[in-house]
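One structure is given here, and the rest of the page talks about it.
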Amino acid sequence: MSLLRPTLSRMAALLALLLATGSYAAETLPAELRPFVQKGYSVLSLDEIDLNRDGRKETVLVIETDDTTNDEGPRSLLLFSRTPAGKLTLASRNDKAILCRGCGGIFGDPYEGMDFQPDGFTLLHYGGSNWRWREDFRFAWSRRDRTWQLVAVDSLSFHTSNPNKQTRKQARPPRDFGLINLADFDYENWEGRGKR
Numbered sequence: 016m017s018l019l020r021p022t023l024s025r026m027a028a029l030l031a032l033l034l035a036t037g038s039y040a041a042e043t044l045p046a047e048l049r050p051f052v053q054k055g056y057s058v059l060s061l062d063e064i065d066l067n068r069d070g071r072k073e074t075v076l077v078i079e080t081d082d083t084t085n086d087e088g089p090r091s092l093l094l095f096s097r098t099p100a101g102k103l104t105l106a107s108r109n110d111k112a113i114l115c116r117g118c119g120g121i122f123g124d125p126y127e128g129m130d131f132q133p134d135g136f137t138l139l140h141y142g143g144s145n146w147r148w149r150e151d152f153r154f155a156w157s158r159r160d161r162t163w164q165l166v167a168v169d170s171l172s173f174h175t176s177n178p179n180k181q182t183r184k185q186a187r188p189p190r191d192f193g194l195i196n197l198a199d200f201d202y203e204n205w206e207g208r209g210k211r
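Count along the sequence shown from 1, then add 15; that gives the number in this note's numbering.
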């Protein structure tokens, strides 16, 4: 299966993402999350899922600027955990994990959403023009460090004149990068980085 060929599930996820964009008005966003969505920003996605196997759901919130003239505007990934008493606390924040709206070349917005796994999640990006590319960043929960860390980067590219000739790369620690916590991750500057 080619990672670049759209599947029904990816197309459905993308459609859901497009429909969800901007659909969280301030009055429908849970009250405990409202302080984290500053004025001039809107919710791009909101998910609740247990990402650290503690039996309590984490909340994953992605926000972006409302300024539609700024295709390189910031996007923030906020990950919240719940205490045993049920209180929501900000566990991690990253303003450089999700590519900007205009970073996908002719395809425009490269952010395709997230795939969730029992111990983490994968950020999905796809874009390009004649040269198409895909970059997926996988983060997993570290019980030792009590945070999510980069554990894999899978990328692929091809030219539209020959889509069957794909170049695939897999980056894994410690060979390609060291320990990179979610809060410290930068999609433009991860290769060769991190404590080894």
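Using N, Cα and C, we set each Cβ at its ideal position, and we do this for glycine too.
Alpha-carbon spacing of residue i relative to residue j, whole angstroms
i: Arg211; j: Lys111; result: 22 angstroms
i: Gly119; j: Arg90; result: 14 angstroms
i: Arg190; j: Thr43; result: 45 angstroms
i: His174; j: Asp151; result: 19 angstroms
i: Glu203; j: Glu47; result: 32 angstroms
i: Pro178; j: Glu87; result: 28 angstroms
i: Gln53; j: Gly207; result: 34 angstroms
i: Arg161; j: Ser176; result: 46 angstroms
i: Trp146; j: Arg116; result: 18 angstroms
i: Tyr126; j: Leu66; result: 20 angstroms
Among the options, the one whose alpha carbon lies nearest that of residue i
i: Asn196; options: Arg183, Lys184, Gln181, Trp156; result: Trp156
i: Thr98; options: Pro133, Asp69, His140; result: Asp69
i: Ser107; options: Asn179, Asn145, Gly135; result: Gly135
i: Phe95; options: Leu114, Ile113, Thr74; result: Thr74
i: Trp163; options: Phe122, Ile121, Leu194, Arg49; result: Leu194
N- and C-terminal bounds of the beta strand (DSSP E) containing residue i
i: Asn109; result: 103-109
i: Gln53; result: Element bounds for Gln53: n/a, residue is neither H nor E.
i: Lys184; result: 182-186
i: Asp82; result: Here Asp82 belongs to no beta strand (DSSP E), and DSSP marks it neither H nor E.
i: Glu169; result: According to the sequence displayed, residue 169 carries Asp and not Glu. Here the beta strand (DSSP E) through Asp169 covers 162-174.
i: Gly143; result: 135-143
i: Trp205; result: Counting along the chain, Trp205 falls outside any beta strand (DSSP E), and DSSP gives it neither H nor E.
i: Leu92; result: 90-97
Cβ neighbour criterion (16 or more within 10 Å) applied to residue i
i: Ile64; result: exposed
i: Leu23; result: Here Leu23 scores only 47 on pLDDT, less than 50, and its place in the model should not be relied on; the value that follows carries that caveat. So Leu23 counts as exposed.
i: Ile113; result: buried
Residue-level contact to chain C via CB, residue i, 7 angstroms cutoff
i: Pro45; result: Structure shown: chain C not included; a single protein chain is present.
Does the region 90-110 come close enough to the region 164-182 that 3 or more CB-CB pairs lie under 8 angstroms?
At 8 angstroms Cβ cutoff, the stretches do not touch.
How do the region 51-69 and the region 78-90 stand: do at least 3 beta-carbon pairs fall below 8 angstroms, yes or no?
Three or more Cβ pairs closer than 8 angstroms define a contact, and the region 51-69 meets that threshold against the region 78-90.
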